[in-house]
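*Asks:* Heads up, the sequence shown is in UniProt numbering, so the first residue is 1 and it goes up one at a time.
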Amino acid sequence: MALSAASYLLTNEKFYIANSKFGQGLFAKKDIRVGENILIFTGGIIDFDQAILKAPPYEGDALQIGKSIYVNLEPPGRFVNHSCDPNAGIKNDIELVALRNIKAGEEIYFDYSTTMDEDYWSLQCGCGSINCRKVIKDFKHLPYHVKRKYLDLNIVQKFIAVQYPTTAKAK
Ligand SMILES: [Zn+2]
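So, in structure tokens, the structure goes:
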């Protein structure tokens, strides 16, 4: 897998890194349109045991892409924070894509639960959205309608999405 990009690009024509209420975050430098690709997550590949050695808060820097496969995120992907009402999502496991029009200066978020299936990690959430779930947990714990929304948007990691066939009537 050729995920290792040497460029520690912290800004480009689309985004920049700045202080956020969650530490540092990724912000839109210009208006970004729904469907637009924002960045590709890059980093070395590590397994579950290596990922959990990354003590809080750095555990969030490992992006799960398989049952025990993680991308040990580099900047700038490492700085993308979570929201329970995200304006971006991950397609094809590593591509951050806008879910709606994002205005210049807005912070860019995805929902971490769309990447998590490990029965291990959880995090208190203070994202402030009206739908805030208060605790960020594995995808399987999301309310049914939220799971369905994310699956329909095709922004759930493939190794998780395959567990939810489109015809499934299970919850
Ligand atoms: Zn939240």
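We put the CB at the ideal spot given by N, CA and C, even for glycine.
Among the residues of its own chain, which have a CB less than 7 Å from the CB of L142, if the five just before and after it don't count?
*Replies:* Reading the sequence shown from its first residue, position 142 is the one you call residue 142. Answer for L142: S113, listed in chain order.
*Asks:* Using the rule of at least 16 other Cβ atoms within 10 Å of the residue's Cβ for burial, across every protein chain shown, is K103 buried or exposed?
*Replies:* As a working mapping, residue 103 is identified with position 103 in the sequence shown. Burial call: exposed.
*Asks:* Mind checking whether the beta-carbon of R100 lies closer than 7 Å to any heavy atom of ligand 1?
*Replies:* Sequence index remark: in the sequence shown, residue 100 carries index 100 (1-based). Result no, Cβ not under 7 Å from ligand 1.
*Asks:* Starting from V146, trace the alpha helix (DSSP H) in both directions and tell me its first and last residue.
*Replies:* Residue mapping note: residue 146 aligns to position 146 of the sequence shown, counting from 1. Run containing V146: Y144 to D152, per the alpha helix (DSSP H) assignment.
*Asks:* Under the rule that 16 or more other beta-carbon atoms within 10 Å means buried, what is I130, buried or exposed?
*Replies:* The sequence position of residue 130 within the sequence shown is 130, counting from 1. Exposed, by the Cβ-count rule.
*Asks:* Any contact of the segment 78-95 with the segment 44-53, i.e. 3+ C-beta pairs under 8 Å?
*Replies:* Taking 8 Å as the limit for Cβ pairs, the verdict is that the segment 44-53 does not touch the segment 78-95.
*Asks:* Quick one: what does DSSP say Y109 is sitting in, helix, strand or coil?
*Replies:* Indexing the sequence shown from 1 puts residue 109 at position 109. Of the three classes helix, strand and coil, the one that applies to Y109 here is strand, per DSSP.
*Asks:* How is Q91 classed by DSSP in three states: helix, strand or coil?
*Replies:* Translated into positions along the sequence shown, residue 91 becomes position 91. Reading off the sequence shown, one finds Lys at residue 91, where the question assumed Gln. It is a strand residue.
*Asks:* Measure from the alpha carbon of residue 219 to the alpha carbon of each residue in E106, K54 and D117, then state which is nearest.
*Replies:* Outside the displayed range of the chain (1 to 171) lies residue 219, so it cannot be described from this structure.
*Asks:* For S4, does the count of other Cβ atoms within 10 angstroms reach 16, so buried, or fall short, so exposed?
*Replies:* As a first step, residue 4 is located in the sequence shown; it is residue number 4 there, counting from the start. Low per-residue confidence applies at S4: pLDDT is 41, beneath 50, and the placement is therefore not dependable, though the value from the model is reported in the following sentence. Label assigned to S4: exposed.
*Asks:* How about I160 and A98: do their beta carbons lie closer than 8 Å?
*Replies:* One-based indexing of the sequence shown puts residue 160 at position 160. One-based indexing of the sequence shown puts residue 98 at position 98. Their beta carbons are not under 8 Å apart, which means I160 does not touch A98 by this criterion.
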